[in-house]
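Under the UniProt record's numbering, the sequence shown has 41 at position 41, and the numbering climbs by one with no breaks.
Yeah, the Cβ is synthetic: ideal placement off N, Cα and C, and Gly gets one too.
Here the structure is a predicted model, which is why all the values come from computation and not from measurement.
Here the structure comes first, spelled out in structure tokens, and everything after it is commentary.
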Amino acid sequence: MSPDVRVRVLVSGTVQGVGYRWFVRGLADAAGLAGSARNLPDGRVEVELEGPADDVRAVVAALDGPRAPGSVTGVVSEDRAVQGGQGFTTA
1 MSPDVRVRVL
11 VSGTVQGVGY
21 RWFVRGLADA
31 AGLAGSARNL
41 PDGRVEVELE
51 GPADDVRAVV
61 AALDGPRAPG
71 SVTGVVSEDR
81 AVQGGQGFTT
91 A
């Protein structure tokens, strides 16, 4: 089992109003990850994911995969301190 990590991901493109946050929630829930997804005023979606490193990496890789709704043009990820979060929320 891989150690827990936390990442903040900024997803750009046409990702608001297309069900993208719910897509991310489904991925996170299926992987058992904690975190959140929220729309930003500039049109991007901010995603926070926390859990086993291998599972977090797999979800981040899927954020611009063929199943992603809308049109993703960029995914930028940065590591964050693990917070021990529970559950996944959308805002």
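In this structure, N39 sits near E46, with a CB-CB distance shorter than 9 Å. From the listed residues R57, G70, A28, the smallest Cα separation to G19 is found for G70.
Classified as exposed, E78 has fewer than 16 neighbouring CB atoms from the shown chains inside 10 Å of its CB.
Our two residues, Q83 and D54, have alpha carbons roughly 17 Å apart in a direct line.
Residue range 45 to 52 is occupied by the beta strand (DSSP E) that includes G51.
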